[in-house]
Amino acid sequence: MRSSALVVALAACSTRHEPAPAAGSGSGHGGGSASAPVATKAPEPARIAPLELPAAGVAKLVVHPAVDPASHIIAEWNAKDRSATIVCRVEAYNLVAFDPHDPDGLAPGAHQLEWRPDPFVSAPKACEIRFVDHGKLLAAACWHPGRLDPTECVGGDLPPSKRPEHVNAYNIEGSTLKLSGTGLRIDALVTREAEMSAHETHFALRCDGMTAKTTDEDTDRVASAGAYETVFATLLFTLPKPITAPPKACELRVLITDAAHKQPVEDGVFCIHEGSTEPGPCS
Numbered sequence: 044m045r046s047s048a049l050v051v052a053l054a055a056c057s058t059r060h061e062p063a064p065a066a067g068s069g070s071g072h073g074g075g076s077a078s079a080p081v082a083t084k085a086p087e088p089a090r091i092a093p094l095e096l097p098a099a100g101v102a103k104l105v106v107h108p109a110v111d112p113a114s115h116i117i118a119e120w121n122a123k124d125r126s127a128t129i130v131c132r133v134e135a136y137n138l139v140a141f142d143p144h145d146p147d148g149l150a151p152g153a154h155q156l157e158w159r160p161d162p163f164v165s166a167p168k169a170c171e172i173r174f175v176d177h178g179k180l181l182a183a184a185c186w187h188p189g190r191l192d193p194t195e196c197v198g199g200d201l202p203p204s205k206r207p208e209h210v211n212a213y214n215i216e217g218s219t220l221k222l223s224g225t226g227l228r229i230d231a232l233v234t235r236e237a238e239m240s241a242h243e244t245h246f247a248l249r250c251d252g253m254t255a256k257t258t259d260e261d262t263d264r265v266a267s268a269g270a271y272e273t274v275f276a277t278l279l280f281t282l283p284k285p286i287t288a289p290p291k292a293c294e295l296r297v298l299i300t301d302a303a304h305k306q307p308v309e310d311g312v313f314c315i316h317e318g319s320t321e322p323g324p325c326s
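Mapped onto the numbering used here, the consecutive letters of the sequence shown carry residue numbers 44 to 326.
Following this line, the structure appears as structure tokens:
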């Protein structure tokens, strides 16, 4: 569960990519006393013809971009079960969105899943809608603006996000820290940089000499991401005592447990401080 009443925010920039600025943040050009044009809401784009994916028991699958908020993608379909994820290519990332619940008011058997570009604002270039059962892929569809194919995305639709110099299983970028009393929340882009067998992922945090206790993690979502896919994760910690100012530096460690390692093994450490998220311990 995400924390509330956040009173202090410390932003740390990504070492690879800055999220694109929000649309409409630039200043206008030209002089004179003419008033700015009034923005009008565009009509909803026409939906693509529905698809049938019998291998997953899916009928009437449609995918369309949302008008408000912009750059979101919405998938709708009919099926007995709702086990699906969407991964989209946005900027330099294969960004996965997990949406565990249907919105209220849908008819029995109808489902809806929304992909959000957080923390970016750019529209996705391609999206793969995956229907799974206990981790097994049953069927998939590939969406491009104006087209929906009843297959997985191929070719360059979802190219790897792996950086050649990165050697750990996970990479962390673009972290932000928010402080509220003893509570500390980290939002970050967590990218799985390697093919891995079944495993559990956990996080440990130490800030300014204080070891924080984990109170909630997006570990299920992080571990569910495929190779070279990115999750915008929220990690919640509790400090041993209240602090009134943001910490100067925090070391975030990624721990992995799998069949070969019964005890958590450190996969990587990242130093988060004002203005950056750097691989390696804080100096």
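No residue lacks a Cβ here, since even glycine has one placed at the ideal position from N, Cα and C. The structure displayed is predicted, hence computed values, not measured ones.
>> Give me the DSSP bridge partner(s) of S126.
In response: Indexing the sequence shown from 1 puts residue 126 at position 83. S126 is not bridged to any residue.
> So, are the CB atoms of C196 and E157 less than 7 Å apart?
Replying inline: Indexing the sequence shown from 1 puts residue 196 at position 153. Indexing the sequence shown from 1 puts residue 157 at position 114. No, Cβ-Cβ distance for C196 and E157 is not below 7 Å.
> Where are the beta strand (DSSP E) runs, 3 residues long or more, that stay fully inside the segment 84-171, in chain order?
Replying inline: 94-96, 101-108, 116-121, 127-133, 136-140, 153-158
> Tell me the DSSP bridge mates of S319?
Replying inline: The residue labelled residue 319 in the question sits at position 276 within the sequence shown. S319 is bridged to H316.
> How close, in whole Å, do the beta carbons of H242 and T300 come, if the pair is a contact with beta carbons under 8 Å?
Replying inline: Here residue 242 corresponds to residue number 199 of the sequence shown, with the count starting at 1. Here residue 300 corresponds to residue number 257 of the sequence shown, with the count starting at 1. Yes, they are in contact, since the Cβ atoms of H242 and T300 sit about 6 Å apart, within 8 Å.
>> Considering only the alpha carbon of each residue, which of A288, R228, L298, D251 lies closest to F275?
In response: Reading the sequence shown from its first residue, position 232 is the one you call residue 275. F275 has its Cα closest to that of R228, out of A288, R228, L298, D251.
>> Excluding the 5 residues flanking P80 on each side, which residues of the same chain have their C-beta closer than 8 Å to its C-beta?
In response: Position 37 of the sequence shown, counted from the first residue, corresponds to residue 80. Any reading at P80 is ruled out, since the residue's pLDDT is 42, under 50, leaving its predicted position unreliable.
> Do you know whose CA, among V105, G252, T225, lies nearest G189's CA?
Replying inline: Walking along the sequence shown from the start, residue 189 turns up at place 146. The shortest C-alpha separation from G189 is found at V105.
> Rounded to a whole number of angstroms, what is the C-alpha to C-alpha distance between I91 and T225?
Replying inline: By one-based count along the sequence shown, residue 91 stands at place 48. By one-based count along the sequence shown, residue 225 stands at place 182. Near 49 Å, if we compare the C-alpha coordinates of T225 and I91.
>> Let me make sure I understand the geometry here. Which of L222, M239, G269 has the alpha-carbon closest to that of C293?
In response: As a position in the sequence shown, residue 293 is number 250, starting the count at 1. Here the closest residue by C-alpha is L222.
>> Between the alpha carbons of E321 and N211, how many angstroms are there, rounded?
In response: The residue labelled residue 321 in the question sits at position 278 within the sequence shown. The residue labelled residue 211 in the question sits at position 168 within the sequence shown. The straight-line gap from Cα to Cα measures roughly 14 Å.
> Beta-carbon separation of T234 and L138 under 7 Å?
Replying inline: Counting from 1 along the sequence shown, the entry for residue 234 is found at position 191. Counting from 1 along the sequence shown, the entry for residue 138 is found at position 95. No. Outside cutoff.
> If we count the other Cβ atoms within 10 Å of its Cβ and call it buried at 16 or more, is V133 buried or exposed?
Replying inline: Stepping through the sequence shown from its first residue, residue 133 is reached at position 90. So V133 ends up on the buried side.
> First and last residue of the beta strand (DSSP E) that includes A231?
Replying inline: The residue you call residue 231 lines up with position 188 of the sequence shown. Start and end: 226-235.
>> Give me, in chain order, the residues of the same chain whose beta-carbon lies closer than 6 Å to that of S218; leave out the 5 immediate sequence neighbours on both sides.
In response: Stepping through the sequence shown from its first residue, residue 218 is reached at position 175. So the list reads A55, I229, A231, I315, T320, once near-sequence residues are dropped.
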